[in-house]
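In the numbering used here, the protein residues as written are 8 to 63. Think of the CB as a built atom: it goes at the ideal place given N, C-alpha and C, for glycine as much as any other residue. In this text, all values refer to a predicted model and were calculated from it rather than measured experimentally. What follows is a set of notes on a single structure, which appears directly below.
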């Protein structure tokens, strides 16, 4: 293979790796957002269940 072909192949591979990492980051970010929303909802539910006037 010529140097140009090797260079192009390596650049395409690097771009593919970058896209894969970006997609993984977005997926993890969405998962984190869902977890934070769930924690907030559970916290609100727990506050609703506490007895008014009781301090811990």
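In the three-state scheme derived from DSSP, where H, G and I count as helix and E and B as strand, residue 39 is classed as helix. In this structure, the straight-line span from the alpha carbon of residue 12 to that of residue 18 is close to 10 Å. Inter-residue distance for residue 50 and residue 29 is about 31 Å (C-alpha atoms, whole angstroms). A direct Cα-to-Cα measurement between residue 21 and residue 14 gives close to 11 Å.
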